[in-house]
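**Q** Numbers in this note's numbering are just positions in the sequence shown, counted from 1, shifted up by 8. From the three backbone atoms N, C-alpha and C, an ideal C-beta is built for every residue, glycine too.
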Amino acid sequence: MKLRESDITLKGDRIIEHVPSIKDKALRINLNEHIYGTFAEIGAGQETVRHFFRSGGSSGTIAKAMSAYDKDFSDAIYGVEDDGRYVTESRLKKMISWEVKLIENRLKRDKHPSKMFFSYANTVATIDFAKQFKGHGWVGIKYQVEPDEDYNEIILHIRFKENDAKLQQETLGILGVNLIYGAFYKYNDPKKLLRYLYDHLDKDQLEIDTINFSGPRFKDVDNRLMSLQLVKNGMTDAVMFGPDGNNILPAAILYKKNILALRGSFRPVTKVNMDMYEKSYKMFLEENKVDKDKALVVFEITLSNLRSEGEIDERDFMDRAELLCSLGQTVMISNFQEYYKVVEYFSSYTKARMGLAMGVSNLIDIFDEKYYRHLSGGILEAFGKLFYRDLKVFLYPMKDEDGTVIDSENLKVHPRMKELYKFFKFNGKVMDISGIDEHNLDIFSREVMKMISKGKPGWEQMLPPGVADIIKQDRLFGYDPKVAMIEPAG
9 MKLRESDITL KGDRIIEHVP SIKDKALRIN LNEHIYGTFA EIGAGQETVR
59 HFFRSGGSSG TIAKAMSAYD KDFSDAIYGV EDDGRYVTES RLKKMISWEV
109 KLIENRLKRD KHPSKMFFSY ANTVATIDFA KQFKGHGWVG IKYQVEPDED
159 YNEIILHIRF KENDAKLQQE TLGILGVNLI YGAFYKYNDP KKLLRYLYDH
209 LDKDQLEIDT INFSGPRFKD VDNRLMSLQL VKNGMTDAVM FGPDGNNILP
259 AAILYKKNIL ALRGSFRPVT KVNMDMYEKS YKMFLEENKV DKDKALVVFE
309 ITLSNLRSEG EIDERDFMDR AELLCSLGQT VMISNFQEYY KVVEYFSSYT
359 KARMGLAMGV SNLIDIFDEK YYRHLSGGIL EAFGKLFYRD LKVFLYPMKD
409 EDGTVIDSEN LKVHPRMKEL YKFFKFNGKV MDISGIDEHN LDIFSREVMK
459 MISKGKPGWE QMLPPGVADI IKQDRLFGYD PKVAMIEPAG
C-alpha cells in the first residue's frame, strides 16, 4: 500500500505491498505500444486473452488470438506428436515457437523496429465429467524484452485442484495474465516472478509442479533452484530434476515405474550412501515384480533436511544438487517429512512394486508413535498407507556405541511396537541389505563436513571415487584449499 505525503504514519505501521488487479496488469501491457504478440489457448477456452480484450486498448497488444480445438486442425498447424497426446510440454513448445515464427514472418522488422514480440500459449485438460481426474496443463510464453534480442521462455506445468471446469478456466485465465505480466515486468527477479504467479489465486486452486526459465534474460538462472522455490513457497509438495540438471515433470518420469527411493541429506554424498544405493538396487532388481526397464532410483532430499542448519542455504542446496547430478542420479526435493507421505505420492503415479532404502535409525523412527499423533488412526493409519501398498524396505545396518552391528534381526523398537514390527518383518516387508562394506559403518556425513571446514585430512577417503575432486574443484560445502590442518611437531 502506497502512502500519500499527507498520510499520518504511526509507530508499528507496516508497508503493505500493492498487488495490481488482473485488469490493471492486462491494461498496463495493452498500453505499452511496444509489446505485441499472439495468444493460442487449447482446452479451457480463451480465458487469458479475454482479460486483455476486456481491459481496453487490446488492439495495440493482440496480433492474433486462437483456439485450435479440433485435433486435426491442431495437428495441421503444429504437427503430430510422437505419442499422439496434446497436453504435453512438446506441444506447448511447438505452439509458442510456431506462433513466434509466424509473427516474425508477417510483421516485418523495418516497419516495426521497436516491437517486442511475444507468444503466449496453454494446452490443458480441465476436470472430466465424472470428476475423477481434476485436470492439468502446460502454460508458457516466448518473448522479447528488447526488439533486437533473442527470445526468452518461461514454461510451467500446472495441476488443477478445483472441482468445477468453469472455476478452472477462470483460474487459468488469471494465471496467464500473471505469467505475461511477470515475464515483462519481473524478469529481473525470477523468485519474485514465481511468487507473483499466485496473485489473486490461492494454493488450493492450483499447483505448479514444474517450471523452466531459458533465454538471454535467464542465462544465470539455475532451474533446480527455481524448483526448490516451488516447494519452499508451498506451490507443490515435490519437484524433480535429472542428471543433466534440468527439471522433470514428476508424472512423466514416475508413471508406472518401479521406484526405489533413498532419503538423505547427502551433505555430502558418502560411501555409505552409494553402498546403500548400489546394494539395495541390486536386490530390488532381483524382485519378481520389478521390471529392470521400468526401474527408477530417486534420491530424495526433504525440506526439513535442507533446513537442518536453520534457514535454507541455497548455495548448500546447489552443492548437494551438483554432486548428485554428477553421479548420474535423479533427485527429488519434497515437503514430505514422514515416509508414508512419500509412498502415497509415488502411489499416485504407479501401482508397481516400490522400495525404500534406509538406515536402521530411520526405520526405528518410523516405529515411533510421536510422528503420527496428528492422524486420527495414529501409527496404524500411517502403516496402512506405508505398507499396504506393494512396498519393501531395504535396510542398511549401523553400529551401536559398543561397535555391535545392528540390523533387522536385532534392532529394538518400543515394546508396544514389537509385535507390529515382527509382523512386517515376517511378511517380508523389511529386508537386510546384503554384502555391505562394514568399513563404511564408521562414516558419517556430519564428520566429513567438520573435517572439510577445519581443513583436516582424510575426508576424501570417506567419499565415492571422484566426489572429493568435484568438491575441491568447485569449492563445494565451503571447501577452502588455504585452510589446512597444521600437524603438531613430533
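Could you work out which residue in Asp78, Gln152, Val95, Ile135 is closest to glutamate 112 when comparing CA atoms only?
**A** Position 104 of the sequence shown holds residue 112. Comparing Cα positions, the closest option is Gln152.
**Q** Using C-beta distances below 7 Å, list every residue in its chain close to methionine 284, excluding the 5 sequence neighbours before and after it, in chain order.
**A** If you number the sequence shown from 1, residue 284 lands on position 276. Leu270, Ala365, Tyr404, Ile441.
**Q** Can you find the residues in the same chain that come closer than 8 Å, C-beta to C-beta, to tyrosine 380, ignoring five residues on each side of it along the sequence?
**A** Here residue 380 refers to the residue found at position 372 of the sequence shown. Cβ neighbours of tyrosine 380 beyond the five flanking positions: Glu346, Gly386, Ile387, Glu389, Ala390.
**Q** Would you call the CB atoms of glycine 143 and isoleucine 135 closer than 8 Å?
**A** Taking the first residue of the sequence shown as position 1, residue 143 is located at position 135. Taking the first residue of the sequence shown as position 1, residue 135 is located at position 127. Yes, the Cβ-Cβ distance between glycine 143 and isoleucine 135 is below 8 Å.
**Q** Shortest alpha-carbon distance to phenylalanine 344 belongs to which of Glu107, Lys430, Tyr353, Val438?
**A** Locating residue 344 in the sequence shown gives position 336, counting from the first residue. Nearest of Glu107, Lys430, Tyr353, Val438 to phenylalanine 344, Cα basis: Tyr353.
**Q** Straight-line CA distance for isoleucine 341 to glycine 65?
**A** The residue given as residue 341 occupies position 333 in the sequence shown. The residue given as residue 65 occupies position 57 in the sequence shown. Using only the alpha carbons, I get a separation of about 43 Å.
**Q** How big is the Cα-Cα spacing for glutamine 177 and isoleucine 50?
**A** By one-based count along the sequence shown, residue 177 stands at place 169. By one-based count along the sequence shown, residue 50 stands at place 42. The alpha-carbon atoms of glutamine 177 and isoleucine 50 are separated by roughly 11 Å.
**Q** Using three-state DSSP, classify aspartate 450 as helix, strand or coil.
**A** Taking the sequence shown and counting its residues from 1, one reaches residue 450 at position 442. Helix at aspartate 450.
**Q** Count the C-beta pairs between the region 453-471 and the region 302-312 that are closer than 8 Å, then say yes if the count reaches three, no if not.
**A** No, the region 453-471 is not in contact with the region 302-312.
**Q** Could you check where the alpha helix (DSSP H) with serine 334 kicks off and where it finishes?
**A** Looking up residue 334 in the sequence shown gives position 326. Unbroken alpha helix (DSSP H) run through serine 334: 322-334.
**Q** My understanding is that isoleucine 30 touches valine 132, with C-beta atoms under 8 Å, so please give their C-beta distance in whole angstroms.
**A** If you number the sequence shown from 1, residue 30 lands on position 22. If you number the sequence shown from 1, residue 132 lands on position 124. About 18 Å; that fails the 8 Å criterion.
**Q** Give the straight-line distance between the Cα atoms of glycine 486 and leucine 332, rounded to the nearest whole angstrom.
**A** For this step, residue 486 is matched to residue 478 along the sequence shown. For this step, residue 332 is matched to residue 324 along the sequence shown. So the alpha carbons of these two residues sit roughly 17 Å apart.
**Q** Between the beta-carbon of tyrosine 348 and the beta-carbon of lysine 393, is there less than 8 Å?
**A** Start at 1 with the first residue of the sequence shown, and residue 348 comes out as number 340. Start at 1 with the first residue of the sequence shown, and residue 393 comes out as number 385. Yes. Within cutoff.
**Q** Just the Cα atoms here: how many angstroms apart are isoleucine 37 and proline 155?
**A** On the sequence shown, residue 37 is found 29 positions in, with the first residue counted as 1. On the sequence shown, residue 155 is found 147 positions in, with the first residue counted as 1. If you take the alpha carbons of isoleucine 37 and proline 155, they lie about 16 Å apart.
**Q** Return the bridge partner residues of valine 147 from the DSSP annotation.
**A** As a first step, residue 147 must be located in the sequence shown, where it is residue number 139. Partner(s): Asn130, Leu164.
**Q** Roughly how many angstroms lie between the CA atoms of glutamate 417 and phenylalanine 434, to the nearest whole one?
**A** Here residue 417 refers to the residue found at position 409 of the sequence shown. Here residue 434 refers to the residue found at position 426 of the sequence shown. So the two alpha carbons sit approximately 11 Å from each other.
**Q** On a CA-only basis, which of Thr278, Ile374, Pro473, Asp91 is nearest isoleucine 451? Give me that one, please.
**A** Locating residue 451 in the sequence shown gives position 443, where the first residue counts as 1. Ranking Thr278, Ile374, Pro473, Asp91 by Cα distance to isoleucine 451 puts Thr278 first.
**Q** Under the rule that 16 or more other beta-carbon atoms within 10 Å means buried, what is asparagine 500, buried or exposed?
**A** The first residue shown for the chain is 9 and the last is 498, placing residue 500 beyond what the model contains.
**Q** How would you label serine 369, buried or exposed, when you count the other beta carbons within 10 angstroms and need 16 or more for buried?
**A** Within the sequence shown, the letter at position 361 stands for residue 369. Exposed, by the Cβ-count rule.
**Q** Among the residues of its own chain, which have a CB less than 6 Å from the CB of serine 355, if the five just before and after it don't count?
**A** To locate residue 355, count along the sequence shown from 1; it is residue 347. So the list reads Arg397, once near-sequence residues are dropped.
**Q** Just to confirm, are leucine 100 and serine 63 a CB contact at a threshold of 8 Å?
**A** Translated into the one-based positions of the sequence shown, residue 100 becomes position 92. Translated into the one-based positions of the sequence shown, residue 63 becomes position 55. Not closer than 8 Å, so no.
**Q** Since methionine 362 and phenylalanine 402 are thought to touch, with beta carbons under 8 Å apart, how far apart are those beta carbons, to the nearest angstrom?
**A** Here residue 362 refers to the residue found at position 354 when the sequence shown is read from its first residue. Here residue 402 refers to the residue found at position 394 when the sequence shown is read from its first residue. Methionine 362 to phenylalanine 402, Cβ: 11 Å. No contact.
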